[in-house]
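Chemist:
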Amino acid sequence: MRHVLSVLVENRAGVLARVAGMFSRRGYNIESLAVGTTDKKDISRMTIVVEGDDRVVEQVIKQLHKLIEVLKVSNITNEEYVGRELVLFKVMADPTQRAEIMQIVDIFRAHIVDLNKKTLMVEATGDDKKLRAIEEALSPFGIIEVVRTGKIAMVRGQKSHLE
Amino acid sequence: MINGAEAVVRGLIHQGVRVIYGYPGAANMAIYEALRRSREIEHVLTRSEQGAAHAASGYARVSGEPGVCLTTSGPGATNLVTGLATAYMDSVPLVAITGQVATEMVGTDSFQEVDITGITKPVTKHNYLVNRVEDIPRILAEAFHIAGTGRPGPVLIDIPKDIAAQNCAAKIPEVVDLPGYKPNYKGHPAQIRTACKLLNEAERPLIYAGGGIIHSGAVAELLKIAELLEAPVAVTLMGKGAFPEDHPLFLGMLGVHGAPAANKALLASDVILCIGARLDDRVTGRTDKFATQAKMIHIDIDPAEISKNIRVQVPIVGDAAGVMRDMLLRLQPAKRKDWLAMVAGWLPLQEQAYAAKADELNAQTVLTKLNSFTKGQAIITTDVGQHQMWAAQFCKVNRPQAFISSGGLGTMGYGLPAALGAQMAAPNDLVICVTGDGSLQMSMNEFATIKALGLPIKVLLFNNGVLGMVRQHQAVFFKEKYFSVDLVGNPDFKKIAEAYDMAYYLIAKIDQVDLVLQEALANGRATLVDCAIPKEQMVYPMVRPGSSLDDVIIAMKK
């Protein structure tokens, strides 16, 4: 099963290496990892998507807690949260196909962010399902390249995980 | 104004450090100069950096205080790695300081540069690369705090040489503030209640005692609980010394080469109280067949150890001593005649299992005789291999911090430098390094350090001319196809002893044991006792790797 962990860490050199190293050393699979600063400049948030049964994830969380620079680990998998990824697609598109592609882009509320004679670049954000759907819709035209971020996630409601 | 190097030395003095094991080099010269000037800390020049780390570990395990080692950059730092990993696996508090090339050279593959913080991340509890001189007092205070609290472990501080030379105005902080590090010492009251209820209702309780009891200083509490509950006690290799081995409730060591009574009791018990142990594969054997009848209570200060290898019913995260004191308020005295009679029935199995030939020189006889002289009060260090298991089986240890062995990592070459550190931590105690001819040759260079310090360490060498444990595995699992286990080219150990001004004794026959040991232990100087044992001797009993604990090989049929 896929778990989404929201991890607060001290914003210091080497923290990412420590977290990533712990995952590889203990044989845990990181599906995606996204890091960014929070509203407190000395604290960063990592959103880690990890594959494994409950027992594996329990160990992952405990091992994360053991790292001195890890401040808080929340498993938000079963909470109400908004999860988003951003994807860039480079799609084959000669001028005659542009209109059709633009329709698809509109349907998914994505954007075209670059254009030349032979290709288009599409920017899309959303959850896994939506991004899979747009990828499927664009693939008949020929996708040349895909670049995607890891998932970031925020729990719904008034409370802040920084507290 | 002091410089960074002097700030390091001040920080060490502030932490109460009395001795450092180290090796100088280009990148730590400023720290050596500061040490020279301060004169408050004794510096021991070991003969390799690995020896420095192991000596610091021996010192830490006997004194209970963090051990300190200091090396230069590059190879000086990489030579520490085995020592750090050894300490990490056995939860030994160490602070290792390494010099690093100057800041502007970092990342350029300059002379003697290595990314030691990168290399040691998986084998340290935490590590630091210092990039501002003002951070030194804080980092030093944090390092000692992290190394010595919670589940102890090694911490490394890497200090570029230019930073060590810069002026440092920062003061030693009064408190250490690490928001991400708050070890939990007090056990959860509801969990403690549940655990006590289980134990009070148990018919066949067993105590599974690990090294955490020694780290926590919970030896008295363990004795009280065991006697109150009339619960037999089995120990892990790291737990030797946590419970007096001459006590009627003592069963022996658990695991692959453990005492049959201990392993059988584990499989037969209905409630296991596991304290300060990690349920390592060398103890559990096949996890799906491990103590299937028992409910398990697991006390450990490291939450990550709980339910890592074996699912437990009652986890208690906390410091062993405190948790056990809380438990003592709720536990009821019990009489368990039937259970103790059952367990007593297994005790004779030990004698059969070990089964040494009466007329042949063997470790069992030597070590049993050694006990009769030491009364379990000597500090025993070991290397790794057959002799280590024999020492674990036959050396009776009746006090904590007196059996010093590389349990988790199984590091050959640990015993001699660890004995060096142990003897410095306990100058008035008898320190005996039990070793083999394979292991001893991995750190024999430290004889020079021992000579320089004039330490009266006794080295008890089981010399069989082979890598005995590997040979044993080739005998049992590879149909006696022996390869690369003969230690051809072994030195004449008598000459080695002479070269380092040590007393030397050879024991070739079983009837020499008594006299030689008596003399060797009483001579007051560094001594090598060379026991010539046949290479065919095996460590029994032996659980097949990956099998259940009751799948025991007692002796090979010839």
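As you go down the protein sequences, you meet chains A and B in turn. In this text, residue positions in the first sequence follow this note's numbering: the first is 1, and each later residue adds one. In this text, residue positions in the second sequence follow this note's numbering: the first is 1001, and each later residue adds one. Glycine included, each C-beta is placed from N, C-alpha and C at the ideal position.
Can you pull the DSSP bridge partners for B/Q1100?
Modeler: DSSP lists B/P1160 as the beta-bridge partner residues of B/Q1100.
Chemist: What is the DSSP secondary structure of B/A1196, reduced to helix, strand or coil?
Modeler: A quick correction: the sequence has Cys, not Ala, at residue 1196 of chain B. B/C1196 falls in the helix class under three-state DSSP.
Chemist: A/K40 CB to nearest chain B CB: under 8 Å?
Modeler: Between A/K40 and chain B, the shortest Cβ-Cβ separation is not below 8 Å.
Chemist: Helix or strand or just coil, what does DSSP make of A/T119?
Modeler: If DSSP states are grouped into helix, strand and coil, A/T119 belongs with the strands.
Chemist: Quick test of your reading: B/I1553 and B/P1541, contact by CB under 8 Å. State the CB separation rounded to the nearest angstrom.
Modeler: 7 Å
Chemist: Of all the CB atoms in chain A, is at least one closer than 8 Å to the CB of B/A1304?
Modeler: yes
Chemist: Report the rounded CA-to-CA distance for B/I1002 versus B/D1492, giving the unit in angstroms.
Modeler: 51 Å
Chemist: Please report the distance separating the alpha-carbon of A/K41 from that of A/S160.
Modeler: Between A/K41 and A/S160, the C-alpha separation is close to 16 Å.
Chemist: I'd like the span of the alpha helix (DSSP H) that includes B/A1220, first residue to last.
Modeler: 1219-1229
Chemist: How about B/I1041: is its C-beta nearer than 8 Å to some C-beta of chain A?
Modeler: With a threshold of 8 Å between beta carbons, B/I1041 makes no contact with chain A.
Chemist: Which chain A residues sit within Cβ distance under 7 Å of B/P1122?
Modeler: G21, R25
Chemist: How would you call A/R55, buried or exposed, if buried means at least 16 neighbouring beta carbons within 10 angstroms?
Modeler: exposed
Chemist: Count the other CB atoms within 10 Å of the CB of A/V47; is the residue buried (16 or more) or exposed (fewer)?
Modeler: In the sequence as displayed, the identity of residue 47 of chain A is Thr instead of Val. A/T47 comes out buried.
Chemist: Run through DSSP, which three-state label would B/K1558 get?
Modeler: With a pLDDT of only 39 at B/K1558, under the threshold of 50, the placement of this residue in the model should not be trusted; the figure read from the coordinates follows. Coil, per DSSP.
Chemist: When you check each C-beta in the stretch 1164-1181 of chain B against every C-beta of chain A, which residues fall closer than 8 Å?
Modeler: Listed by position along the chain: L1178, P1179, G1180, Y1181.
Chemist: Check whether the Cβ atoms of A/S32 and A/K151 lie closer than 8 Å to each other.
Modeler: A/K151 is positioned such that its CB atom lies closer than 8 Å to that of A/S32.
Chemist: Any C-beta of chain B sitting closer than 8 Å to the C-beta of A/V155?
Modeler: Chain B, which has no Cβ nearer than 8 Å to the Cβ of A/V155, makes this no.
Chemist: In whole angstroms, what is the alpha-carbon distance linking A/R25 and A/E79?
Modeler: 29 Å
Chemist: Taking 6 Å as the limit between beta carbons, can you name the residues of its chain near B/Q1050, skipping five residues before and five after?
Modeler: N1079, T1082, G1083
Chemist: Determine whether the Cβ of A/G126 lies closer than 8 Å to any Cβ atom of chain B.
Modeler: no
Chemist: How about the stretch 107-120 of chain A and the stretch 1008-1027 of chain B: do they share at least three Cβ pairs that are nearer than 8 Å?
Modeler: no
Chemist: Around the C-beta of B/N1362, are 16 or more other C-beta atoms found within 10 angstroms, so that it is buried, or is it exposed?
Modeler: Looking at its Cβ environment, which holds 16 or more other Cβ atoms inside 10 Å, B/N1362 is buried.
Chemist: Residue ranges of each alpha helix (DSSP H) run of no fewer than 4 residues wholly in the stretch 38-109 of chain A, ordered along the chain?
Modeler: As far as the stretch 38-109 of chain A is concerned, its whole alpha helix (DSSP H) runs of at least 4 residues are 54-66, 98-107.
Chemist: Report the CB separation of B/L1266 from B/A1291 in whole angstroms; it is logged as a contact under 8 Å.
Modeler: Indeed, because the Cβ distance is near 6 Å, the residues count as touching under 8 Å.
Chemist: Is there contact here, the stretch 1018-1025 of chain B with the stretch 127-147 of chain A, by at least three beta-carbon pairs under 8 Å?
Modeler: no
Chemist: Is B/D1437 near B/L1487, with beta carbons less than 8 Å apart?
Modeler: yes
Chemist: Evaluate contact between the stretch 87-101 of chain A and the stretch 56-75 of chain A, counting only Cβ atoms and requiring at least three cross-stretch pairs below 8 Å.
Modeler: no
Chemist: Which residues mark the beginning and the end of the beta strand (DSSP E) in which A/S6 is found?
Modeler: 2-10
Chemist: Bridge partners for B/E1042 per DSSP, in chain order?
Modeler: B/V1019
Chemist: Specify, as a first and last residue, the run of the alpha helix (DSSP H) that B/N1371 falls within.
Modeler: 1363-1374
Chemist: At which residue ranges does the stretch 1230-1261 of chain B contain complete alpha helix (DSSP H) runs of 4 or more residues, listed in the order of the chain?
Modeler: none
Chemist: Give the DSSP bridge partners of B/V1323, in chain order.
Modeler: Note: B/V1323 is not bridge-paired with any residue in the DSSP secondary-structure output.
Chemist: So B/I1157 packs on B/L1140, CB below 8 Å; how close in whole Å?
Modeler: 7 Å
Chemist: Could you name the residues that DSSP lists as bridge partners for B/D1437?
Modeler: Its beta-bridge partners do not exist; DSSP assigns none.
Chemist: Could you tell me which chain A residues have their CB closer than 7 Å to the CB of B/K1308, listed as they occur along the chain?
Modeler: Q59
Chemist: Using a C-beta to C-beta distance shorter than 9 Å, which residues of chain A count as neighbours of B/I1457?
Modeler: Result: empty, since nearest Cβ-Cβ is about 36 Å, beyond 9 Å.
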